[in-house]
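Data first, discussion second: the structure below is written as structure tokens.
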Amino acid sequence: MVTEHRRAILGDAVALGLGTGVYAISFGALAVAAGLSAWQAQALSLLMFTGASQFALIAVVASGGSAVVAIATSTLVGTRNAFYAVAMAPVLGARGPRRLLAAQATIDESTGMAARYEGDRDSARLAFWATAGSIYVLWNLGTLIGALGAGLVEDPNAFGLDAAAPAAFLALVWPRLTSWPMRAVALVSLALAVILSPFLGAGLPVLVAGAGGIVVGLALGARARESSG
Amino acid sequence: MWPTILIASGAAYALKLIGYVVPQRWLDTPMSRRITALIPVALLSALIGIWTFVDGQAIGIDARVPGVIAALIALILRAPFLIVIITAAAVTGVVRALGWLP
């Protein structure tokens, strides 16, 4: 049934929002621990709204890095959003002011959810907007809770919150790994990113590894539409 | 601190917007369609690797690894999203609390 299908997408969007909301608590707490005010932590979640870049920025600030390094690092980490936008533009078909909103909504999770519905444009659009909306609200709520409660918890990672993000991303990629070429893309990208990390600065391993994975995928003839997941 | 936050946020938004401003016909070739379809899987997988096995710039095994393996098992068992995420955090938290892994 169509409505049941839509409800399932909305359910996943809310679940993903809750998962990242929990992760946002650790962001808020770590941001304040790094020396930001609660308002500044909140501004990052409201305006920047791309988790990995936010974590990268506060990591540089916490280690005493300069403003230039903090900006450069967070920007480099956020470069992948440009590629997500390229992938999402034909799916969303957004024009005018909607395009400005679509840009802010373009993050790992919304793109990943939309990508699960390759070939089904209506579902992909619903997944994109519902996920972005759910995460925007809960990511900011989590940041607020974490920033205000920063003093109460000594180490947010004690609760294993740092495993929430990779687990959420694994859940996003999982339905796409139905063919061996796609699995090869995922495994090569994952392995390359890890291997390159000691040698390349923040953000670069992800981009180089992603490029490597895509080259492998093209060579193996990976087709994105092999399964609708 | 405020200029840093505002400039970095502006740059993050500009990057997100670039992809929507590029004329679609530039990207409307079979090759670029195949590449854009692979982008989410490739980049998300790279992030999974870094957020599981890398701390700062050092490769290592810490409590996140059993957490993500637990998430993988939950996915194989067809668990819903939220259960997958909670399972990962719980396993990592417990392994860390017991002092088995940092």
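These protein sequences, in sequence, are chains C and Z. Going by this note's numbering, the first residue of the first sequence is number 752, and it counts up by one from there. Going by this note's numbering, the first residue of the second sequence is number 2, and it counts up by one from there. Backbone N, C-alpha and C fix where the C-beta goes; we use that ideal spot for every residue, glycine too.
Checklist entry - Which residue or residues does DSSP assign as beta-bridge partners of Asp-29/Z? => result Translated into positions along the second sequence, residue 29/Z becomes position 28. BP columns for Asp-29/Z are empty, so no partner.
Checklist entry - Alpha carbon to alpha carbon, what distance is there between Thr-30/Z and Leu-102/Z? => result In the second sequence, residue 102/Z corresponds to position 101, counting from 1. In the second sequence, residue 30/Z corresponds to position 29, counting from 1. Their Cα atoms are separated by approximately 48 Å.
Next on the checklist: Checking the sheet assignment: what are the DSSP bridge partners for Asp-56/Z?
Outcome noted: Residue 56/Z sits at position 55 when you count from the first residue of the second sequence. In the DSSP output, where bridge partners are listed per residue, Asp-56/Z has Ala-59/Z.
Item to check | Thr-857/C, buried or exposed, once every other Cβ within 10 Å from all chains shown has been counted against 16 | outcome: Within the first sequence, residue 857/C is the residue found at index 106, counting from 1. Counting Cβ neighbours within 10 Å, Thr-857/C comes out buried, since at least 16 surround it.
Checklist entry - In chain C, which residues lie with their C-beta within 9 Å of the C-beta of Gly-20/Z? => result Looking up residue 20/Z in the second sequence gives position 19. For a Cβ distance threshold of 9 Å, residue set Asn-832, Ala-833, Phe-834, Tyr-835, Ala-836, Val-837, Ala-838, Met-839, Ala-840, Ala-854 and Thr-857 of chain C lies close to Gly-20/Z, ordered along the chain.
Next on the checklist: Would Ser-940/C and Gly-964/C qualify as a contact pair, given that the criterion is a beta-carbon distance under 8 Å?
Outcome noted: In the first sequence, residue 940/C corresponds to position 189, counting from 1. In the first sequence, residue 964/C corresponds to position 213, counting from 1. Taking a C-beta distance under 8 Å as the contact criterion, Ser-940/C and Gly-964/C qualify as a contact pair.
Checklist entry - In three-state terms, what does DSSP make of Tyr-774/C? => result Within the first sequence, numbered from 1, the residue matching residue 774/C stands at position 23. The three-state reading of DSSP puts Tyr-774/C in helix, counting H, G and I together.
Item to check | 8 Å Cβ shell around Val-85/Z - same chain, five flanking residues per side excluded | outcome: The residue you call residue 85/Z lines up with position 84 of the second sequence. Excluding residues within five positions, the ones whose Cβ falls inside 8 Å are Ala-72, Ala-75 and Leu-76.
Checklist entry - Is the stretch 909-916 of chain C touching the stretch 77-96 of chain Z in the sense that three or more CB pairs, one from each, lie closer than 8 Å? => result Under the Cβ criterion (8 Å, minimum of three pairs), the stretch 77-96 of chain Z counts as touching the stretch 909-916 of chain C.
Next on the checklist: Can you tell me whether Val-890/C is helix, strand or coil according to DSSP?
Outcome noted: Numbered from 1 along the first sequence, position 139 holds the residue referred to as residue 890/C. Looking at the sequence shown, residue 890/C is not Val but Trp. Trp-890/C: helix per DSSP, three-state reduction.
Checklist entry - Terminal residues of the continuous alpha helix (DSSP H) containing Pro-103/Z? => result For the purposes of this step, residue 103/Z is identified with residue 102 of the second sequence, where counting begins at 1. No alpha helix (DSSP H) contains Pro-103/Z, which DSSP labels as neither H nor E.
Item to check | Residues that Leu-45/Z contacts on chain C, provided the C-beta gap is smaller than 7 Å | outcome: Position 44 of the second sequence, counted from the first residue, corresponds to residue 45/Z. Residues of chain C passing the Cβ test: Asp-859, Gly-863, Phe-920, Leu-923 and Val-924.
Checklist entry - In chain order, what residues of the same chain lie with their CB nearer than 8 Å to the CB of Leu-797/C, ignoring the 5 residues before and after it? => result Locating residue 797/C in the first sequence gives position 46, where the first residue counts as 1. Spatial neighbours of Leu-797/C in its own chain (CB-CB distance under 8 Å, excluding positions within 5 residues in sequence) are listed in chain order as Asn-891.
Checklist entry - Along the chain, which unbroken stretches of the beta strand (DSSP E) at least 3 residues long are found entirely within the stretch 832-891 of chain C? => result Correct list: empty.
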